Every structure is written in structure tokens, then in C-alpha cells.
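Asker: Top to bottom, those sequences are chains B and A. Going left to right, the first sequence walks through residues 1 to 320 as this note's numbering numbers them. Going left to right, the second sequence walks through residues 1001 to 1375 as this note's numbering numbers them. C-beta atoms are modelled at their ideal positions from N, C-alpha and C, and glycine is treated no differently. Remember, it's a predicted structure, so these values are computed and weren't measured experimentally. I'd like to ask some things about the structure below.
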Amino acid sequence: MIVESSVSGFLPRPQWLINETRKFDRHRITKETLDAAFIKSTKEVIKAQEDNDLSFVNDGYLKQQDLLRPFTNKIRTVQVGQLYRWFDNNTFYRKPFIQGKLVGFPPFTETFLDLLEGKRLKAILPAPYTYCKLSSNEFYEDEEKLLFDFAEILRDEIEFLEKQGYEYIQLSDPALVFHKTLPDKDDLRTIGKAIELLAEGTNARICLQTFFGDVSPILSELLEWKVDDIGIDFYESDFENIKEYSFTKGVSLGLVNARNTLKENPTELIDICQELLSYSNPERLVISTNCDLDFLTWDTAKSKITTVTTIEKKLKGELS
Amino acid sequence: MTKLFKTYETGSLAKPSWRTKGFTSRKLNKYDLLHAEKWAKKLDINYPKAEKILLGNSPNKKQAIIELSSLYALKIFEKAGLDYYYNGEQWRVEMYEHIIRNLDGFKLRGWIKSFDYRYFKKASAIKKIAYKKPFYLEEYELTKKQTNKPLKLPFTGPYTLTDWTYNEHYEKKHIEIKSLPRRRYEARKELLNDIVEALRLELEKLVQAGVNWLQIDEPAVTTKETAEEMELFTEAFNRLTEGFSITFSLHNCFSNYDILAEYVTSLKKCNHLSLEFAQRDLISENGKHSGYDQLLVFLDNGYKGTFAPGFIDVHTDYIESSKLVMDRILYVSDLVGKDKIWVSPDCGLRTRTWDVAFQKLCNLTEGAENARKKV
């Protein structure tokens, strides 16, 4: 059994960087000074992941304002809109207003490749359904066409990232399981096809990471999709409803809670992994956080990363 | 005859730089002082006395600065001609943090991203939440001395305090529940209950001190729209207000009103709703302010109380004319009945400068006055 570890999403800005961004917002420092602070802090969050021996490392996405923003800013036909609540959190994103056919060229997301040399890289991108569901569509008469056009944009971005050395691509898809944005059966079939389109031709491993909702009602469909791993938020999905599915893919186990400061008991979470393995035989387990860590301070996030790798190491020990 | 379209402010007003710098012992520059002087003149406040506080070194300087900015806020509201108001929350660092710092059992964790380069501070519940010391009482007693006008005290609600807190202690306590989502829910319920009981002790003191209108601010309500969560909110509201015979109102903004309307009749002691409709009425066509039509959902669900639907947007510097305010009031009066309407901004004005906030409030009261003449 392959056991790996990663963080499923963005990392929080360290408190000193937050101070710098606040100064920038108040015109007290220049953009150059802020950019230098972003590079310094990106190094800091990469190092913390390395020090903890995470299998996959991401650059933290400290500069990126929200999950959707690169695909709002860098597509000419999309305008950045007002603030909307980010699911059931006290945080907000800017809604993309789609006013024309989606066309654009990679790279959309900013990468810090020179800081990431020699590491196994993970990228975090918005899944097509979440992007389209959270946008305001003022152009496409056919929502399906919008979904497929965005999937094509993502396919180009993934191809670009793969060439840059990215091995693991996470498609963050909270809208797929969040109670207010659930797709119906027909939608699900279409979303599955859009995922197939974006995964076409890539050798990178793709994880469809669900969070902020219970995946169990749609898990049987997701297991048919052309992705390598399925990500599950165990603070929203009851293990009892998950364990009896036969996992033919990898599972990204969102066992470490990124929305609470409480330190988890690794033994309890290892028991969940063991119980899952007693029912099913997934291709691999990726121990992870349930969602992005930027709901916590960087200090707490670091200890959560340590918990992720503690579980990974202990589980490997028990399995060997 | 009862006055129609009574006016009030919703809560916070921006803290001037001389208040924030003065409170943190930073040196004031000439612009800070010019601001204090300009507004003192405008509001008939004794500036030499104010300047003495701002530049002095009295051991009570911090307290004196808070009282001074509270006085300025009260005068701004008074000059704008509002019927009910408070002190612009000048005493409070922020609506969440102020209470968290004053109850037992919380630990502040630091800045968390809200959006872009904006952040908020968040705390963990690290032990059983308990009442420690009064947190609104002193400001209420002193504010009462600063004005003769009737006061409406904004009070951060228990559901919002719970929703914005990391729940460590109670999740640890429920470790025996194997299902992680279930454990989270049970722990949340218990945290909420303990916060309610702690807030009741403050409420008791406020009622004894003479508070007769409490506005419970619950911006987090409908963030999680499930029936289970909405029931947590209504139960908390009912328990908080149980046994007190003063006026209670609910302020809720940037929220899903279809959901709120379903539950508002379960709030036993809430007969007044302060809402945020002005920013939903950005495009008014042919005198039709359809942004307000959703108010009918509350009536459809059996709500019989009054509304302050919100007549000015607090998130833009655009200053609504008094005519626009009047047109909106008249439109809403036709919609739900003139006797049900109070006039206020969408929310607190703390993100606007005093210049913008003051002008908006003046147009609000003028719009209400003109609407009174029309009906």
C-alpha cells in the first residue's frame, strides 16, 4: 500500500507577511517591498513542508487572493466582481462575471519554480464545476458549454504545469458537495465529461478534492470519473457512510481539520485509515488536511502539517 | 399619534485616527488634530478641552479618548437628526474581539484572511466559557450620561460568536463521539449554550442599568443554512432573551433572507428586524424599487413585526439623495404597510469616513421627513 502526504489547498500567510500586506494596503510600502516579502514567505512555507517530509509540496499560494482569481484576472472576457461569501465560512471571494467566450493562454497561476527545485510538486486549481457555479454567467446560453470551455482552459493550464514539473494536480471542488450547490444526476454526468476533457493527454496525477460537504451521496458516481484520486473531507462526510465503498482509485484523506485549531489525536485518525483499509483496497492513501489551511494562522497550520506527516509515518510503520 | 418612519443608526461608526492612535499611545500628527478640530466646530464640541485630552499625559488618557470619540459619535448622530442611536461603538475594538477579550475561556489566535489584504482576528475556545466581568455596562452607563436621547444598544449575538470561534474545548470533551461531523455539531451546540449563559449575566446587568432596547447583531446567521443550524440560532436567541421584558430586535445583513424569514417567527421576543436591502436595490427602474420585494417573504412566513429594511448602502461612498431615500421608503410602505417601517442604514457605517457617513445620515433623516409629509 502506498501511503503519501500532502496539504489539500492553500497555506496561510505568516503573520509578518500579513502585516506587510496591510501596510501595502495603506500605501505605507511599495509593491517591490511587498513582492520581496512574498518571495521570502514563500520560501518559509516551502521549507516548513520540506522539514515535515510532506510527499508533495506546494508554494502556498500566498499571493493568490482566492481560488478563482487567476481565472478571473487573466481571462479577458471575465470581470472581477463583488465579494461573495466563500461557502459557509466567514471569508469572501470575488465573483467572476463571465461576459464572453472563455479564451486564454497559460500560465494563469503564478509559480515559484526557482524556489521549488528538486521537490515533488503539487498544484491547486479550481475544478470546473466550482468555478462555473460560483461565477455569474452573462454570456453562455448553454451552461454545459461554459463548463467545457473552462475545462479546456484547465487542460491547457495542466499541460503547462506538467511541463514545469508538476506531478500532482488538485482540482478543488467544494461546490460539488456543499449543500447549497449540489448538482443533480444529469449535471453530474456532464461534470464527469468535463473532467474527462481536462484530464485528456496529461500524465500528471489528478485529485478531485471535495470539501465543505458530504461526498457520500455522490461517491459512487465520482469513482467512475477519470481522476486518479478522490479527496474526502472527514469533518463533513461521516466515515460510516464512506467505508463500504470499494475504492478503485487513490483516496486523499482529509483527516486533519483545517478549520479548527484543536490538535488531533493521530492514533484516532490512524484507526480510521486502518478501518477503511479493512473494507476497501484503494490504490493509495494520501494523508491530508480536509481543506485549505488558510483558515488558520501559519503557526497553527505548521502544527497541522506535522500532524499530517505523523499520521503518514505511523501508518506506514503499522502497514510495513 | 405615533411618529412614522422613525430613524436610527445601525451600530458602528469609523474610529478617527486620533482615537486609534491616541489609544495605542502613538503620536498624533497635524492632520489627526485638524480632523478633531474640524468636527468639534461642526458639532459644537469644546475643542480646547478635546485637544488637552489628546495632547495631554493624564494617567486616564486612554479612557478620556474613548469617551471623547463616543461624544463625537453621539453628536454626529444627533446633528444628523436621528431618533435613536448609540455611541458608534467607539468603546469596542471590534464587535467580536471586544466580547472575546472579556469572557473567560477564549484565546485569540491572530489574523485570518477575510479577503484580499483584509483580515480578522479569530479566537479558540480553550476551556469552558464563563462570564468574567462586565463588557458593555460601563460604556452604556457613560453613554447615557453623554446624551438625553433614547439609546439602542448593539449586542453581538451568541450564534455569531460561536460561528467565528475555533471550538477546541468542547470538541475535546466529546471525543467519545466517533463520527467527526456529529462530534463537531454536539460540541458547537454546547459552546453556543455556554456563550448564551455568559451573555445572559451581562444582559441582566444592562437591564438593571436601564437598557430598554437591545439590538442583537447576528451577521453569521444563515452562513450555514441547514435546519439544524437555524434551530441552534433560534434556540440561542430565545434562551438569551428569556425572562427579560425589554425590547429586542435582530440585525442581520448580507445574508439569505429566504432562509431567515422561515425562522424569524420562532424568535419569541423579536418584533423588529434591521436588514440590509439598500445594496440589493442598486437598479431602480420607473420608480420601482424591486430590490425590496423580498421583504414580502417575511410576511408570507407569518412575521407580524416591524422592519428597518435599510435605506442607504454602507459599502459605497456614493451618497444617496434624500429623494432616493424617500422614494424607497414610499415604495416599501406600499409593499408592507407604512406603520411597519423604520428608517436606518443597511449596517454600521464604520467603513465610511465621517464626512461620507454624516452626509448619508443627513439624507436619510431628510428622506424620512419628506416621506412623512407625503403619506
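Who does A:Asn1167 pair with in a DSSP beta bridge?
Answerer: Here the question's residue 1167 of chain A lines up with position 167 in the second sequence. A:Ala1125, per the DSSP bridge assignment.
Asker: Below 7 Å on C-beta distance, what does A:Asp1116 contact in chain B?
Answerer: Within the second sequence, numbered from 1, the residue matching residue 1116 of chain A stands at position 116. Ordered by position in chain B, the residues that pass the 7 Å Cβ test against A:Asp1116 are Gln65.
Asker: For a contact defined as C-beta to C-beta under 8 Å, what are the partners of B:His179 on chain A?
Answerer: Numbered from its first residue, the first sequence carries residue 179 of chain B at position 179. Within chain A, the residues near B:His179 are Glu1225, Thr1226.
Asker: Short of 6 Å in beta carbon distance, which residues of its chain neighbour B:Arg13, apart from the five on each side in sequence? Order them along the chain.
Answerer: The sequence position of residue 13 of chain B within the first sequence is 13, counting from 1. If we look at B:Arg13 and ignore the five residues flanking it on each side, its Cβ neighbours are Leu62.
Asker: Does the segment 125-132 of chain B come within contact of the segment 164-174 of chain B, defined as at least 3 CB pairs closer than 8 Å?
Answerer: Flag = yes, the segment 125-132 of chain B and the segment 164-174 of chain B touch.
Asker: If the criterion is Cβ atoms closer than 8 Å, does the pair B:Val286 and B:Leu253 meet it?
Answerer: For the purposes of this step, residue 286 of chain B is identified with residue 286 of the first sequence, where counting begins at 1. For the purposes of this step, residue 253 of chain B is identified with residue 253 of the first sequence, where counting begins at 1. For B:Val286 and B:Leu253, yes; Cβs fall inside 8 Å.
Asker: Along the alpha helix (DSSP H) that carries B:Asp312, what are the first and last residues, could you check?
Answerer: Working through the first sequence from its first residue, we reach residue 312 of chain B at position 312. In the sequence as presented, Asp is not what sits at residue 312 of chain B; that position holds Glu. Unbroken alpha helix (DSSP H) run through B:Glu312: 298-319.
Asker: Grab me the residues of B:Asn73's own chain with a C-beta within less than 7 Å of its C-beta, minus the 5 sequence neighbours each way, in chain order.
Answerer: Position 73 of the first sequence, counting from 1, holds the residue named residue 73 of chain B. Closer than 7 Å at Cβ, skipping near neighbours: Val80.
Asker: Which residue comes first and which comes last in the beta strand (DSSP E) that contains A:Phe1248?
Answerer: Taking the first residue of the second sequence as position 1, residue 1248 of chain A is located at position 248. Note, A:Phe1248: beta strand (DSSP E), 1247-1251.
Asker: If you run the structure through DSSP and keep just helix, strand and coil, what is A:Val1325?
Answerer: Here residue 1325 of chain A is taken as the residue at index 325 of the second sequence, counted from 1. If DSSP states are grouped into helix, strand and coil, A:Val1325 belongs with the helices.
Asker: At a Cβ cut of 7 Å, what residues of the segment 1311-1326 of chain A count as close to chain B, listed as they run along the chain?
Answerer: Of all residues in the segment 1311-1326 of chain A, none has a Cβ within less than 7 Å of some Cβ in chain B.
Asker: Which runs of the alpha helix (DSSP H), 4 residues or longer, sit entirely within the segment 28-55 of chain B?
Answerer: With a minimum length of 4 residues, the continuous alpha helix (DSSP H) runs that stay inside the segment 28-55 of chain B are 31-51.
Asker: Any chance the segment 1226-1246 of chain A sits against the segment 1264-1272 of chain A, with 3 or more Cβ pairs inside 8 Å?
Answerer: With the cut-off at 8 Å, the segment 1226-1246 of chain A and the segment 1264-1272 of chain A touch.
Asker: Which same chain residues end up closer than 8 Å to A:Leu1191 when comparing Cβ atoms and leaving out the 5 residues on each side of it in sequence?
Answerer: Locating residue 1191 of chain A in the second sequence gives position 191, counting from the first residue. Same-chain partners within the cutoff: Ala1125, Ile1129, Thr1162, Thr1165, Asn1167, His1169, Tyr1170.
Asker: By Cβ distance, which residues of its chain are closer than 8 Å to B:Pro266, with the 5 residues on each side in sequence left out?
Answerer: Residue numbering aside, residue 266 of chain B sits at position 266 when the first sequence is read from its first letter. Cβ neighbours of B:Pro266 beyond the five flanking positions: Thr307, Thr310, Ile311, Lys314.
Asker: Do three or more CB pairs link the segment 184-194 of chain B to the segment 79-93 of chain B at distances below 8 Å?
Answerer: No, because fewer than three Cβ pairs between the segment 184-194 of chain B and the segment 79-93 of chain B fall closer than 8 Å, the two stretches do not touch.
Asker: Any C-beta of chain A sitting closer than 8 Å to the C-beta of B:Pro70?
Answerer: Along the first sequence, read from residue 1 onward, the residue named residue 70 of chain B stands at position 70. By this cut-off, B:Pro70 is not an interface position.
Asker: Could you tell me whether any Cβ in chain B is nearer than 8 Å to the Cβ of A:Arg1109?
Answerer: Taking the first residue of the second sequence as 1, we reach residue 1109 of chain A at position 109. Yes, its Cβ sits closer than 8 Å to a Cβ of chain B.
Asker: Does any CB atom of chain A fall closer than 8 Å to the CB of B:Asn90?
Answerer: What you label residue 90 of chain B is simply residue 90 of the first sequence in a count that begins at 1. By this cut-off, B:Asn90 is an interface position.
Asker: For B:Leu83, return the contacting residues in chain A, with the cut-off set at a CB-CB distance below 7 Å.
Answerer: As a first step, residue 83 of chain B must be located in the first sequence, where it is residue number 83. Residues of chain A passing the Cβ test: Phe1115.
Asker: Can you find the residues in the same chain that come closer than 7 Å, C-beta to C-beta, to A:Phe1135, ignoring five residues on each side of it along the sequence?
Answerer: What you label residue 1135 of chain A is simply residue 135 of the second sequence in a count that begins at 1. Same-chain partners within the cutoff: His1098, Ile1099, Asn1102, Glu1202.
Asker: Along chain A, which residues have their Cβ under 8 Å away from the Cβ of B:Thr300?
Answerer: Position 300 of the first sequence, counted from the first residue, corresponds to residue 300 of chain B. Near B:Thr300 (Cβ distances below 8 Å), the residues of chain A are Arg1109.
Asker: Mind listing which residues of the segment 238-264 of chain B have their C-beta closer than 9 Å to chain A's C-betas, in chain order?
Answerer: Cβ contacts with chain A come from Asp238, Phe239, Glu240, Leu255, Asn257, Arg259, Asn260, Thr261, Leu262, Lys263.
Asker: With a threshold of 8 Å, are at least 3 pairs of Cβ atoms found where one atom belongs to the segment 201-221 of chain B and the other to the segment 231-242 of chain B?
Answerer: Yes: the two stretches touch, three or more of their Cβ pairs being nearer than 8 Å.
Asker: What does A:Pro1016 touch in chain D if you count any residue whose Cβ is under 7 Å from its own?
Answerer: No chain D is part of this structure, whose protein chains are labelled B and A.
Asker: Would you give the residue range spanned by the beta strand (DSSP E) that B:Gly192 belongs to?
Answerer: As a working mapping, residue 192 of chain B is identified with position 192 in the first sequence. Looking at the DSSP string, B:Gly192 is not in any beta strand (DSSP E); the run it does join, the alpha helix (DSSP H), is 185-199.
Asker: Are the CB atoms of A:Ser1344 and A:Glu1089 within a distance shorter than 8 Å?
Answerer: Taking the first residue of the second sequence as 1, we reach residue 1089 of chain A at position 89. Taking the first residue of the second sequence as 1, we reach residue 1344 of chain A at position 344. Not a contact, by the Cβ cut-off of 8 Å.
Asker: What does DSSP give as the partner residue(s) for A:Lys1107 in the beta ladder?
Answerer: To locate residue 1107 of chain A, count along the second sequence from 1; it is residue 107. DSSP output for A:Lys1107 lists A:Ser1124 as bridge partner(s).
Asker: Comparing C-alpha positions only, which one of A:His1289, A:Leu1299, A:Ile1319, A:Val1336 sits nearest to A:Asp1327?
Answerer: What you label residue 1327 of chain A is simply residue 327 of the second sequence in a count that begins at 1. Checked all of A:His1289, A:Leu1299, A:Ile1319, A:Val1336; the closest Cα to A:Asp1327 is A:His1289.
Asker: Go ahead and pull the three-state DSSP assignment for B:Gln274.
Answerer: By 1-based counting over the first sequence, the position of residue 274 of chain B is 274. B:Gln274 falls in the helix class under three-state DSSP.
Asker: My output table needs one value for A:Asn1102: the three-state DSSP class, helix, strand or coil.
Answerer: In the second sequence, residue 1102 of chain A corresponds to position 102, counting from 1. Looking at A:Asn1102 - three-state DSSP - the assignment turns out to be helix.
Asker: Rounded to the nearest angstrom, how far is the Cβ of B:Thr322 from that of B:Gln99, given a contact under 8 Å?
Answerer: Outside the shown range of chain B (1 to 320) lies residue 322 of chain B, about which nothing can therefore be said.
Asker: Tell me whether B:Ser8 sits in a helix, a strand or coil according to DSSP, three-state version.
Answerer: Position 8 of the first sequence, counted from the start, is the residue given in the question as residue 8 of chain B. Residue state, collapsed to three classes: coil.
Asker: What's the C-alpha gap between A:Leu1004 and A:Ser1069?
Answerer: As a first step, residue 1004 of chain A must be located in the second sequence, where it is residue number 4. As a first step, residue 1069 of chain A must be located in the second sequence, where it is residue number 69. Near 31 Å, if we compare the C-alpha coordinates of A:Ser1069 and A:Leu1004.
Asker: Quick one: list the residues of chain A neighbouring B:Tyr93, beta-carbon separation under 9 Å, in chain order.
Answerer: One-based indexing of the first sequence puts residue 93 of chain B at position 93. The answer, in chain order, is Phe1115.
Asker: Which whole-angstrom value describes the C-beta separation of A:Thr1265 and A:Tyr1303, a residue pair presumed to lie in contact below a C-beta threshold of 8 Å?
Answerer: In the second sequence, the residue the question calls residue 1265 of chain A occupies position 265. In the second sequence, the residue the question calls residue 1303 of chain A occupies position 303. Yes, A:Thr1265 and A:Tyr1303 are in contact; Cβ-Cβ is about 6 Å, under 8 Å.
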